[in-house]
Amino acid sequence: MLKKRILISGNEAIAQGAIQAGCSFYAGYPITPQNELIAYMAKHMPKTNGVFIQAESELAAINMVYGASAAGARSMTSSSSPGISLKQEGISYIAGSQLPAVIVNIMRGGPGLGNIAPAQSDYFQATRGGGHGDYNLIVLAPGSVQEAYDLTQKGFELADKYRIPVMILGDGILGQMMEPIELSTEKIKTAIAKPWALCGCRGRKPNIIKSFFLREGALEVFNLKLQKQYETIKKKEALFEGLFLNDAKVVIVAYGTMARIAKSAISQLRLKGKKIGLIRPITLWPFPQAAFKAGNKKRKYLVVEMSYGQMLEDVKLIVNGRQRIEFLGRSGGGMPSEKEIINRINKII
Amino acid sequence: MEKIFTRPETLYDLSMHYCPGCGHGIAHRLVAEIVDELAIREKVIGIAPVGCAVVAYDYWNFDCSEAAHGRALAVATAIKRVHPQNIVFTYQGDGDLAAIGTNETIHAANRGENLTVIFINNAVYGMTGGQMAPTTLLGQKTSTCIEGREKEKHGYPLKISEMLALLPGVCFIERVSMHNPQWVLKTKQAIKQAFQNQIDNLGFSLVEILSPCPTYWGLNPKESLDWIRDVMQKEFPLGKIK
C-alpha cells in the first residue's frame, strides 16, 4: 500500500493524530497560536462520529475532558499558555482521579497576556505538574510536524496505559509551520474497554470517579500509589534523540523548535571540524536522564531554550556539578538564532 | 401484611453524615426513589458537587463522578454527549451552581443539554462553615456578612432559576421546598418530571429545592422549616417557573 503524504501545519497534524488515535471527544476554546487545531477538530470530528464542543471557557473545556474521560472516551483539549494556566485546576483533578487525557499546549510568550510569539516558557508548569498537589503528567515535545502527528498518537496510548494526563508541548512555530507528513496506513483506533469508566452500572457494582480521600491516611496511601507509578514511568518511558554523543566535546541540549535551530548550527560547526553534539529530550517529563550518562565524561553542555532557563534546571540536577553547563536563552518574542548559537559555541570551545 | 414503605433499592443502608435537620438526606432519598420508580438505576450517572453533598456517591447505588467546584455541568455535558443513552444528572448547591459555576450553568442550559439538575438552595455555604452564598437573603447573618447581607455591599440574592428560564434551551424549571410533608411530595414530583424530560429528550431541566441548614442558620430544625415557609419563600417564591 502506498503511503499517503500530505502538507499540513503542526496544529492540524496534532488534530489528525488525535483522530487517528481514536480520540472521540474534543472540547476547546479559541486562543492564538493554536486556532487551526480547534478548527480542524470542528471540521473533522463529526466525520468519525466524535463529539466536538466549543466550550464557554478553558475551565469548562478541561472539565468536559474530565467528564468524557470518566465516561471512557479518548478525549483531548488544546490551548496556548494563558489558557493552559486556566486549565490547571482541571488537570490536577484529572491526575487525582486517575483519568487518561491529552492536553495540547502550543506555547506563546508570557507572563500575563504576553504576546502571540512562540516561546518555551511553560516548561516549569508542564513538567512540575502545574496545578495543586503532588502529581506529574507525561510531557511530550515534538520537534517536527511529523513528530507532532506521531507523538499525539503515542500520547493517547500512554494516557490509557497509565491512566494519566499527557501534555503535548509545542510552541507557536511548530503549531503554525507546514511540513509534509506521512499518514498512518492503519485503521482509526476504536475505543478500548475501560472497566472503570462510567456508563451505567448494569451487571456490575457502581463505578465512582473521584479524587477526594477524606478518611484519615487514605490520601497518603493514594499519593504513594501515584508516586510508585511515576517511578515506573521514569524507568520505562523516557525518550530522547542524541546526535554525535560519542565524540562531542560540547553537547547542545534543546527541545522542540529550538532543537531544529541547534541542529542547523551543529551542521555548520561540524563542517568546520568542531565536535558538537545534541541531546533533544522528546519526553520532558520523565526527563531523559540516560542521555547524560553515556559518552565523553569531560564534555561540556550548552542548554538553549526559548525561555530564561527552565529546562536548564533539570540538566543541572542530572549533571550535578560534574561538568560545565552554559546557557543561552531568549523569550518574549526573541529566540536564539543559529548564529548566536555558533558564536556561543566558539566561545566555549 | 402489605409493606407500603421501604428504603429505595438505590439508597445504601447507611447512616448519613449530615447535621440534624439538614435537607440533603431527604433530597438524596427523593432522587433514589425516583430512580427506582423510573427503573433507571443501571443507566443513571450522577455528578456529586463540592460542598456538603460531595460524598453523595457513598449513599447512591449507581455510577457517579465528582466534579471540581462549579464544574458539574461541564462534566455532565461531556458524559451525556459520550453516552446519550444514559441518564445524567448533577446535584449542586447554591455556591456551586450560582456562584463559582454560574458560567458552566448558564452555558449548559443555553446549549439545551439534555440533563437533569437538582439544585439545593439553602442560602449559605454549609461545608466551609456558613459563609454568604449568592442566594443569602438580605439581612441574613453569615460568617462573611456578620451584620446581615446588605444590598449596598453584597448585592441581592441571585435568582438563577428565573434567569435560566429566559433561555430557549431550557425545558423545565420549578422551585419547590422541603418545609413540610406536602411540599416534600411536590419536590418528589418535580424531580420525577425533570428526569422524565431527559428520558423524553426534551432538554435542560432544573429543580430548585429550598432546603434547611439549621447549623448555619442558627435555628433548630423546626424553626428552620418555619423560616423557609415564612421568610425564604418570600424571596424565592415556589412554583413552576418554566
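Protein chains in written order, with the numbering used here: chain C, 406 to 754; chain H, 976 to 1217.
Note that beta-carbon positions come from the ideal geometry of N, C-alpha and C, so glycine has one too.
Keep in mind that this is a model prediction, so the values were computed, not measured.
Shown in chain order are the members of the segment 1040 to 1066 of chain H whose Cβ falls below 7 Å from a Cβ of chain C: Ser1040, Glu1041, Ala1042, Ala1043, Arg1046, Ala1049, Val1050, Ala1051, Thr1052, Ala1053, Ile1054, Arg1056, Val1057, His1058 and Asn1061. Residues of the segment 459 to 476 of chain C whose Cβ lies closer than 9 Å to any Cβ of chain H, in chain order: Ala460, Glu461, Ser462, Leu464, Ala465, Ala466, Ile467, Asn468, Met469, Val470, Tyr471, Gly472, Ala473, Ser474, Ala475 and Ala476. In the DSSP annotation of this structure, the continuous segment of the beta strand (DSSP E) that includes Ile586/C starts and ends at Met583 to Glu587. Just so you know, the alpha carbons of Val708/C and Lys1134/H end up roughly 57 Å apart. Assignment of Thr981/H by DSSP, reduced to helix, strand and coil, places it in the coil class. Residues of the same chain with a CB within less than 6 Å of the CB of Gln1106/H, apart from the 5 flanking positions on each side, are Tyr1100, Thr1117, Ser1118 and Thr1119 in chain order. Among the residues facing chain C, Phe1037/H is included, as its CB has a counterpart in that chain under 8 Å away.
In this structure the segment 690 to 706 of chain C lies against the segment 719 to 731 of chain C, because at least three pairs of beta carbons, one per stretch, are closer than 8 Å. The Cβ neighbour count for Gln1115/H, taken over all protein chains shown within 10 Å, is at least 16; the residue is labelled buried.
Beta-bridge pairing by DSSP links Tyr1191/H to no other residue. Using a Cβ-Cβ distance cut-off of 8 Å, the segment 1086 to 1097 of chain H and the segment 1136 to 1149 of chain H are in contact, since at least three pairs of beta carbons, one from each stretch, lie closer than that value. Under a 10 Å Cβ-count criterion, Trp601/C is classified as exposed, with fewer than 16 other Cβ atoms of the shown protein chains found around its own Cβ. Residue pairing by DSSP places Glu1041/H opposite Ala1023/H in a beta bridge.
C-alpha of Ser462/C to C-alpha of Leu1072/H: approximately 16 Å in a straight line. In the DSSP assignment, Ser672/C falls within the unbroken alpha helix (DSSP H) covering Thr662 to Leu676. Here the alpha carbons of Thr1110/H and Lys1126/H stand approximately 12 Å from one another. The beta carbon of Ala475/C lies closer than 8 Å to those of Ser502, Leu504, Ala602, Leu603 and Ile614 in the same chain, with the five residues before and after it left out. Counting along the chain, the unbroken beta strand (DSSP E) around Thr1065/H starts and ends at Ile1062 to Gly1068.
Counted as a single uninterrupted DSSP element, the beta strand (DSSP E) harbouring Pro570/C occupies residues Pro570 to Asp576. It is roughly 42 Å from the alpha-carbon of Leu650/C to the alpha-carbon of Glu625/C.
Ile569/C has a beta carbon lying at 8 Å or more from every beta carbon in chain H. Taken through DSSP and simplified to helix, strand or coil, Lys594/C comes out as coil. When C-beta atoms of the segment 448 to 468 of chain C are compared with those of the segment 1048 to 1068 of chain H, three or more pairs fall below 8 Å, so the two segments count as touching. Cβ-Cβ distances below 6 Å link Gly538/C to Ser497 in the same chain, with the five nearest sequence neighbours on each side left out; the list follows chain order.
Restricting attention to beta strand (DSSP E) runs no shorter than 3 residues, the segment 683 to 750 of chain C encloses them at 688 to 690, 705 to 710 and 730 to 734, ordered along the chain.
Contact annotation: in the segment 601 to 615 of chain C, residues whose CB is within less than 7 Å of a CB in chain H are Leu603, Cys604, Gly605, Cys606, Arg607, Pro611, Asn612, Ile613, Ile614 and Lys615.
The three-state reading of DSSP puts Met450/C in helix, counting H, G and I together. If you compare the alpha carbons of Cys997/H, Tyr993/H and Arg1004/H with that of Glu984/H, the shortest gap goes to Arg1004/H.
Met976/H is not bridged by DSSP to any residue. When Lys641/C, Arg665/C and Met450/C are compared, the shortest CA-CA separation from Pro693/C is found for Lys641/C. By the neighbour-count criterion, in which a residue is buried when 16 or more other Cβ atoms sit within 10 angstroms of its Cβ, Lys1018/H is buried. In this structure the segment 408 to 421 of chain C lies against the segment 544 to 556 of chain C, because at least three pairs of beta carbons, one per stretch, are closer than 8 Å.
Listed by position along chain H, the residues whose Cβ is nearer than 8 Å to that of Phe617/C are Val1029, Val1030 and Glu1041. Per DSSP, reduced to three states, the secondary structure at Glu1149/H is strand.
Across the structure, Lys1197/H and Val1151/H are spaced so that their CA atoms are roughly 18 Å apart. Chain H has a Cβ within less than 8 Å of the Cβ of Val456/C.
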